[in-house]
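Mapping of the sequence shown onto the UniProt record's numbering: position 22 corresponds to residue 22, and the numbering continues sequentially without gaps.
Every residue, glycine too, gets a C-beta built ideally from N, C-alpha and C.
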Amino acid sequence: MEKKTETKSHEVRGIDHIGLTVPNIDEATEFFKKVFNARICYDVHTPEMPPQCGISAKRNVNLPEGESIDHIRLLRIGNTPCIELFHIKSKNQFVIDTIVNFGLTHLAFYTDNIELTAKKFVEAGGTLCSEPHLLPSEIEGGAKNYWVYGQAPWGSLIELISYSSGIDYPENSEVDRWTPDC
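Dropping the structure here:
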């Protein structure tokens with residue numbers, strides 16, 4: 001008798017993590033801890049391990065020849081996907097510090113108290129692009145809906161957002177955006 005194999009649904013369940021290359025993992029970790037209460041999950045690759053480089057690194061993460069990954073750490077902030085911090089030794093690095101470029105341009109963090117989070121952001125070494133201000137659109141606008149962009153100490157763009165007044169979803173919306181449990 002032939003055994004039937006059960007197949008499971010091949011459904012994408014959500015974002016697991018977001019990768020972010022930083023100039024110093026320990027300093028970036030402290031920034032995320034001070035501002036967002038991040039916690040370390042674990043170091044995927046420690047500086048004591050041989051660097052990831054060469055053909056396997058090219059195949060695995062498209063790392064250019066002559067460059068190496070020497071530290072990787074996973075952080076968790078609240079009940080959200082992890083942030084995977086990378087330290088890469090390279091002669092050709094630059095900061096994506098504007099949303100003009102293609103690809104991942106910024107991280108956005110939901111906060112219940114945007115004024116306090118913005119203050120912590122600056123105290124931890126970040127720079128705000130402006131003061132927190134009301135979300136401008138009819139969909140996201142509301143008396144308590146604020147946002148502000150800033151730059152982390154190493155230059156990456158980070159958005160702080162709060163929409164406790166709610167979102168006015170249009171009729172053609174297929175699903176609500178993720179919002180933390182209240």
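Three-state class that DSSP yields for threonine 21 in the structure shown: strand
In angstroms with no decimal places, state the Cα-to-Cα distance between isoleucine 83 and arginine 39. 10 Å
Would you give the residue range spanned by the alpha helix (DSSP H) that leucine 116 belongs to? 114–123
Alpha carbon to alpha carbon, how far is lysine 33 from serine 68? In this structure, the straight-line span from the alpha carbon of lysine 33 to that of serine 68 is close to 26 Å.
Express the C-alpha separation of leucine 63 and tryptophan 147 in angstroms, rounding to a whole number. 35 Å
Which residues in the same chain as alanine 57 place their Cβ atom closer than 6 Å to its Cβ, once the five residues preceding and following it in sequence are excluded? Leu63
Less than 8 Å between the beta carbons of arginine 76 and aspartate 43, yes or no? no
Assuming arginine 76 is part of the beta strand (DSSP E), what are its boundary residues? 68–76
Endpoints, alpha helix (DSSP H) assigned at valine 61: 54–61
Validate contact between the region 149–162 and the region 125–132 using beta carbons, cut 8 Å, 3 pairs: yes
Do isoleucine 114 and leucine 85 have their CB atoms nearer than 8 Å? no
Rounded to whole angstroms, what's the CA-CA distance from threonine 21 to histidine 87? Just pull it up for me. 6 Å
If you measure between the beta carbons of aspartate 112 and serine 164, is that distance less than 8 Å? Yes, they are a contact pair.
Give me the residue from His71, Asn37, Asn101, Val12 with the minimum Cα distance to methionine 49. His71
Starting from the Cα of glycine 14, find the closest Cα among Ser90, Asn60, Thr80 and give me that residue. Thr80
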